[in-house]
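Just so you know, we're using this note's numbering here: the sequence shown kicks off at 35 and counts up by one.
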Amino acid sequence: MVAVKNGSLQCTLFITIANLLIPLSIVIFAVGFFPYKPFLPGLAEFETLEYGPPPAAPFDKLVFMVVDALRSDFVYAKGSGFEYTQSLIRDGSAIPFTANARSPTVTMPRIKSITTGSIPSFVDLILNFDEEDTSSTLAAQDTWLAQLKANQLGKLLMFGDDTWLKLFPDTFDRYDGTSSFFVADFTEVDNNVTRNIAGELENNDWGLMVLHYLGLDHIGHKSGPRSPNMVPKQREMDGIVQTIHEAMMTQQHLASTLLVLCGDHGMNDAGNHGASSPGETSPALVFLSPKLKDISSGLQSPAEPKDDFEYYTMVEQSDIAPTIAALLGFPVSKNNLGTVIPDFLSFWPSSRDKIQILIRNARQILNIVTAAFGHELFEQDAKSDPCAMESGDVSELACGWRRINHQASVLAAAGELDQAWLTSTSAWLRKAQDLMSSMASNYDMPMLFLGQSLSLIAVVASGMSVATQGTHTKGSMVPLFLISILYGIMMFASSYVEEEHHFWYWASTLWLACLAAQHIQRTKSIAVVGWYVLSLASLRLVRGWNQTGQKYAGEPDIVKLFLVRYPELLWVLVGSMYIFAAGQILPNLSDLPFLLASSITAILASVAFSFKLAFTAEDAPELVVGFAKALSDTLQGQSLLVRARLVFFFLSALYAFAIYRALSRRERSSASTANLLHQLYTILAMTQSRAANIPLFLLSNVLLHSLSAAELSVTAITTTSILFQYTFFFAFGGSNAISSVDLSSAYNGISGYNVIAVGLLTLISNWAGPIFWTSATNLLLLQKYRQGDRLAFRHHLALLTLFTTLSVAFVMAACTALRTHLFIWTVFSPKYLYCMAWSLGQHLMINVGFGGLLFWLTAQELDTATGTATSRKA
């Protein structure tokens with residue numbers, strides 16, 4: 035007895051240590067892997083050059099208009115709503131480009147790149163989702179906003195996305211910020227910007243007006259780039275361009291104003307962004323002014339694309355900063371890696387001015403290069419001749435610098451501009467830019483190794499917890515071990531990371547087939563055969579529901595082929611799922627009077643269904659047709675906010691009742707509370723899921739029914755739980771790209787930003803499938819508990835922790851080993867962020883926290899019902 039108790043204490047201690055080390059190792063590794071990049075302090079100043087004073091600036095005011103997620107084809111392609119802008123491109127008043135926005139393609143790092151000309155740290159991706167973060171500011175960095183303020187070119191104004199206010203605190207003289215995450219709003223979020231424009235165009239006291247519109251991005255998140263709301267929004271934005279351009283032509287104080295229209299990033303075919311697909315990395319960039327007619331004769335518009343979303347000339351997004359500096363007449367920011375766009379050099383007729391602009395840009399980038407690689411090779415009197423050294427990026431750069439710097443002095447003295455020098459200088463600038471942009475981050479290797487070491491200790495601790503309580507005797511661990519090892523090995527290949535869903539799909543199918551074979555062999559029942567055939571068919575439908583990953587994300591799937599084409603079928607399936615959930619809830623309210631129980635169940639189901647119908651009518655109106663449209667029109671009245679709050683109110687009331695009943699210690703079957711809690715979560719998950727994904731819960735219930743009858747061991751239950759959690763995450767449309775994060779339901783029932791509420795709703799939205807299987811796993815574990823296995827949850831937790839620690843350790847090892855890989859920022863870094871979400875969110879918060887609470891409540895009720903007074907720790 036003492037030995038058993040000691041073993042139990044040891045197991046609990048090892049599990050605790052392992053789960054405490056998971057977040058500690060993740061955070062320490064992240065600090066070393068995503069460090070803030072150092073920057074050169076202070077503001078740049080014009081240094082004295084032999085070429086004379088800085089060239090005169092052709093512009094004295096700047097209107098910088100950002101349309102969030104303005105993909106290049108939204109402006110340049112046929113069918114675009116930017117008809118007025120296209121007319122300006124044709125007559126030479128606008129010069130268009132496609133800007134290459136490097137990953138991560140989210141707002142905060144993109145604004146940093148635009149304003150500093152630098153390549154932001156990947157950690158800004160995390161900070162981008164925290165609206166209350168003020169640590170990642172540019173207050174101390176050299177930007178063109180700081181230069182405008184230092185050169186006293188006028189007051190600085192900002193209207194729109196409040197990310198600018200976070201990045202530039204105490205910078206703007208007049209501003210009106212709007213939240214960037216309230217994605218249900220297409221109109222007010224933009225009207226709040228536009229209402230300020232007319233009055234400010236009359237004022238003459240400003241030098242910069244930043245306008246950041248969010249509505250187009252919100253439309254993309256809600257219903258994709260082909261939404262019927264997209265072209266009208268483009269026309270609205272085009273109207274803003276027309277208003278500003280006409281004011282520039284008619285008002286004298288705006289005659290030398292430059293309007294820059296750009297997107298901070300683009301969007302993919304699903305309407306999301308964050309990764310590195312062509313659509314996400316190709317925002318439009320247009321410079322507009324009547325003065326541009328002096329240097330441009332116009333271009334064809336709309337244009338034919340050269341490549342995927344590549345219209346006109348492709349430039350780096352960081353090129354915006356030095357180009358604005360040249361056009362408004364102040365020094366290039368110290369940390370800039372961009373190059374002046376050559377198309378604008380025609381503003382300066384003097385060859386000496388052109389040379390000076392380029393050579394100042396080159397010397398500024400040279401300061402960054404020498405800070406990284408040293409001065410020796412780049413000095414004119416260096417002992418070693420870089421041109422005679424073995425070929426390498428740095429020596430080639432040093433050799434090229436010697437040549438263009440020497441030739442610049444000769445050409446400036448002669449007052450001539452040699453086209454060959456111009457070409458070689460532009461090539462040198464691009465080479466330096468590419469070298470510094472693609473350099474590996476300044477990883478903190480001790481922190482990486484410490485985080486990796488802690489993860490390995492966590493693996494050992496979790497392995498000891500499995501060994502000390504004999505979990506390995508609770509069923510074969512070979513399948514779980516193979517899954518863990520194969521998954522870990524897969525993390526070292528970029529293609530497998532991008533297409534990870536295939537691993538889980540095939541592993542789940544093989545596992546379910548093995549369970550079916552064992553169960554059929556044991557029972558020899560035709561009914562069992564039928565159920566498993568149905569289950570395997572259901573799993574096949576799950577796998578084909580949403581195309582995900584990177585290579586085939588836009589390919590046909592069940593949603594596109596059937597539900598979008600036949601939306602009536604969708605609503606039959608959605609309605610069936612709500613009826614099924616209500617039918618499962620009602621019997622589990624047997625403690626209440628039947629009239630009350632049936633009334634509450636009916637109200638909850640009808641309110642939840644009506645919210646989903648109304649939400650879809652706004653989110654994807656093309657899906658609400660036929661009888662669904664008629665029903666939606668009939669149920670019009672309450673706002674989405676009120677409807678969502680009603681759903682959450684009834685769910686909260688029933689959750690409170692279930693918890694009270696479980697703790698009241700009155701004798702009853704624990705199945706009532708366990709099933710009630712499971713079905714209440716199902717309603718919540720459906721509320722937070724897109725309508726097209728709700729039928730997946732029907733398929734999940736088919737699988738759960740087969741598993742409930744299979745008499746699985748604890749190890750088999752855990753293996754199944756892990757496989758189906760990952761399978762359904764991808765089946766719902768998830769991937770290892772940040773662009774698959776769905777924010778469409780993040781504000782259900784919320785009128786404004788609240789970091790806790792939005793974070794929780796976002797987690798439930800994107801992990802609705804995995805959380806369902808956490809709850810379903812509780813039902814399966816309770817079966818083992820009823821059969822006398824009082825340590826079922828502890829065995830399950832030990833195995834879950836072992837898998838999680840192994841996966842964390844493997845992902846860390848892959849990121850460390852491949853830190854200089856070409857795809858480190860586009861594939862492996864996002865995978866590490868997802869690893870954090872799976873480990874901290876799904877494992878610790880959901881599997882351990884939520885799953886443990888569920889099991890404790892329902893097992894305690896079962897103990898009361900059976901008269902068992904056994905104390906336990908789950």
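Backbone N, C-alpha and C define an ideal beta-carbon position, used for all residues, glycine too. Note that the coordinates shown come from a computational prediction; the quantities given were computed from them, not determined experimentally.
message: Using CA atoms only, rank isn't needed, just tell me which of Pro365, His536, Leu295, Leu463 is closest to Asn770.
response: His536
message: If distances are taken between C-alpha atoms only, which option among Leu43, Phe628, Phe643, Ala571 comes closest to Phe614?
response: Phe643
- request: Return helix, strand or coil for Phe762, following the three-state DSSP convention.
  value: helix
field: Between the CA atoms of Phe193 and Asn230 - distance to the nearest angstrom
entry: 7 angstroms
- request: Could you check which residue in Phe98, Arg824, Tyr868 has the C-alpha nearest to that of Leu319?
  value: Phe98
Alpha-carbon to alpha-carbon, Gly249 and Asp195: 10 angstroms
- prompt: Can you find at least 3 beta carbon pairs, one from the segment 122-139 and one from the segment 759-767, that sit closer than 8 angstroms?
  reply: no
query: Asp653 and Ser778 look like a contact to me (Cβ under 8 angstroms); what is the Cβ gap, rounded to whole Å?
result: 6 angstroms
query: Which residue's Cα is closest to the Cα of Ala871: Lys818, Thr850, Val775, Trp890?
result: Val775
- prompt: Going by C-alpha distance, which of Ser755, His829, Tyr715, Ser873 is nearest Ser799?
  reply: Tyr715
query: Is Pro266 helix, strand or coil when you go by DSSP?
result: helix
- request: Select from Leu733, Thr373, Ala304, Ser559 the residue whose C-alpha is nearest the C-alpha of Ala587.
  value: Ala304
message: Contact defined as beta carbons within less than 8 angstroms: I believe Ala696 pairs with Gln817. What is the distance between those atoms, to the nearest angstrom?
response: Not a contact, Cβ separation roughly 17 angstroms.
query: From Lys663 to Val598, what does the alpha carbon distance come to, in whole angstroms?
result: 15 angstroms
query: Which residue or residues does DSSP assign as beta-bridge partners of Gly211?
result: Gly194
- prompt: Using CA coordinates, which residue listed in Gln181, Met498, Leu469, Ile438 is at the minimum distance from Leu362?
  reply: Gln181
message: Using a Cβ-Cβ cutoff of less than 6 angstroms, which residues in the same chain neighbour Trp565 once the five nearest sequence positions on both sides are dropped?
response: Ser740
Own chain partners of Leu482 with C-beta closer than 7 angstroms, once the 5 adjacent residues on each side are dropped: Phe63, Gly66, Phe67, Thr850
- request: Assign Pro262 to one of two classes, buried (16 or more other C-beta atoms within 10 Å of its C-beta) or exposed (fewer than that).
  value: exposed
- prompt: Looking only at C-alpha atoms, which of Ala355, Leu629, Arg436, Thr50 sits nearest to Leu878?
  reply: Thr50
- request: Note the first and the last residue of the continuous beta strand (DSSP E) segment covering Phe98.
  value: 95-101
query: What does a CB cutoff of less than 8 angstroms around Val349 pick up in its chain, not counting 5 residues either side in sequence?
result: Phe131, Thr132, Ala133, Asn134, Leu319, Ile375
field: Minimum length 4: unbroken alpha helix (DSSP H) runs contained in the segment 284-311
entry: none
query: With Leu431 and Lys465 assumed to form a contact (beta carbons below 8 angstroms), what rounded beta-carbon distance in angstroms separates them?
result: 6 angstroms
- prompt: Leaving out five residues before and five after Ser106 in sequence, what residues of the same chain have Cβ atoms less than 6 angstroms from its Cβ?
  reply: Thr132, Ser316, Ala318, Phe343, Tyr345
- prompt: Looking at Leu379 and Ala128, is the spacing between their C-beta atoms short of 8 angstroms?
  reply: no
message: Just to confirm the assignment, what range does the beta strand (DSSP E) spanning Ile129 have?
response: 128-134
message: Comparing C-alpha positions only, which one of Gly660, Phe661, Leu623, Ala616 sits nearest to Leu718?
response: Ala616
The segment 748-758 in contact with the segment 507-527 per 3-pair CB rule at 8 angstroms: yes
field: Bridge-paired residues (DSSP) for Lys189
entry: Trp240
task: Return helix, strand or coil for Glu344, following the three-state DSSP convention.
output: strand
message: As a quick exercise: from Glu234, Pro138, Tyr110, Arg269, pick the residue whose alpha carbon is nearest that of Ile858.
response: Pro138
query: Just the Cα atoms here: how many angstroms apart are Thr904 and Tyr600?
result: A caution first: Thr904 carries a pLDDT of 43, below 50, which makes its placement in the model unreliable, though a value can still be read off. Their backbone Cα atoms lie some 55 angstroms apart in a straight line.
task: Report the residue from Phe80, Thr860, Leu392 whose alpha carbon sits nearest the alpha carbon of Ser529.
output: Thr860
query: Quick one: Cα of Ser863 to Cα of Pro143, how far?
result: 15 angstroms
- prompt: Below 8 angstroms between beta carbons: does that hold for Ala848 and Met525?
  reply: yes
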